[in-house]
Amino acid sequence: MRVPNVNGDIMKEFIIKNLSLRYSDDNESLRNISLEIESKAITVLFGPAGGGKSTFLRVLNRLNDLADVKEMKGEVIFQGQNILDPKTDVIELRRKIGMVFSRPVPLPLSIYDNVAYGLVMAGEKNKQKLDHAVEQALRQSFLWDEVNDRLKDSAYSLSGGQQQRVCLARVLALEPEVVMLDEPTSALDPIATSNIEEMLGELKQQYTIIIAPHNVQQAVRVADYAAFFLMGELIEFGPGKEIFHTPRDKRTSDYITGRYG
Ligand SMILES: Nc1ncnc2c1ncn2[C@@H]1O[C@H](COP(=O)(O)OP(=O)(O)O)[C@@H](O)[C@H]1O
Ligand SMILES: [Mg+2]
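Read in the working numbering, the sequence shown has 295 at position 210, and its numbers run on one by one without any break.
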């Protein structure tokens, strides 16, 4: 179930209410964050290092369960459920909300096996289904044309940009609803970066995308919506055009114009 907003037309994928998180007593890493994330659009989280972007992403698919979280408060409503509820099936949640990390880390397996990995782990044995899923995920990652004649080669034989797309294909093969990317191009050259950015524009037709880009320029290029995080606070949130061209908060404009960060 997707939750419509008050206008009834824009669909919300996540409704986050008063989310606070601390790893230790002396430092609150997320401070009372409230935010609605639109379905099938690109939402960008930007701001200086240490602002809480990665922490926020990890909350959305409960990856923080693996970290040293001391206290978490608030609600994260996804598909009508508060996913912070201890009863949430996190395996199922992480299948619906895929994550791509900053450094591409393919498994020491063939290209094919990398992409099929999650499905095989989930018990899929039908070769035809796997072949189909692998091809589809590689096509969506704009990689099929480059690798279809060498699917049995090691994923390590690929360039950094191709490896990052293999990691994305591995997520897409599970047919998620949301794809989160944490600085996905920080290790890539400009051409590989622009390939990934172009791909995001296509993917948003089918998936909700949440990305923490590795610089403001990238944030400006891809954002439908943008959220400025500073020291655990959400300073400003809105359509990318407004945030980047007419920010309301001085701290946002100072950051965008390069005064700090
Ligand atoms: N696993 C962790 N354990 C303790 N503190 C952490 C952990 N991850 C992040 N932090 C702290 O939380 C704050 C936000 O970090 P992070 O979410 O990584 O910000 P960003 O992604 O915006 O750079 C920082 O002060 C950071 O030191
Ligand atoms: Mg980060």
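Ideal placement from N, C-alpha and C gives every residue a C-beta, glycine not left out.
Treat the numbers as computed from the prediction; the structure is a model and nothing was measured.
query                                                                                                          : result
Best match in VAL190, ASP110, PHE314 for proximity to ASP153 [C-alpha to C-alpha]                              : ASP110
Contact under 7 Å by Cβ, LEU319 with ARG336                                                                    : no
GLN247 classed as buried or exposed, judged by whether at least 16 other C-beta atoms fall within 10 angstroms : buried
Pair within 7 Å by beta-carbon distance, GLY317 and GLU113                                                     : yes
Proximity below 7 Å, CB of VAL251 to CB of ALA222                                                              : no
Cβ contact (3+ pairs, closer than 8 Å) linking the segment 207–214 and the segment 266–273                     : no
Enclosing beta strand (DSSP E) for GLU116 [first to last residue]                                              : The sequence shown places Arg at residue 116, not Glu. Start and end: 112–123.
Sub-7 Å separation of GLY159 and ASN233 beta-carbons                                                           : no
At least three beta-carbon pairs within less than 8 Å, the segment 163–178 to the segment 227–246              : no
ASN103, enclosing beta strand (DSSP E) - first and last residue                                                : 96–109
Cβ-based burial, ILE196 [other Cβ within 10 Å; buried from 16]                                                 : buried
As assigned by DSSP and simplified to three states, the class of GLN221                                        : helix
Proximity test, SER114 beta-carbon vs ligand 1 heavy atom, cut-off 6 Å                                         : yes
Buried versus exposed call for TYR310 [16 or more other C-beta atoms within 10 Å across all chains shown]      : buried
As assigned by DSSP and simplified to three states, the class of ASN300                                        : coil
DSSP bridge partner residues for PRO267 (one or two, in chain order)                                           : Inspection of the sequence shows that residue 267 is occupied by Asp rather than by Pro. Looking at the DSSP assignment, ASP267 forms a beta bridge with ALA297.
Contact the segment 122–139 vs the segment 286–306: 3+ CB pairs below 8 Å                                      : yes
Classification of LYS210 by the beta-carbon crowding that lies within 10 angstroms, buried from 16 upward      : exposed
Beta-carbon spacing of ALA297, GLU268 below 7 Å                                                                : yes
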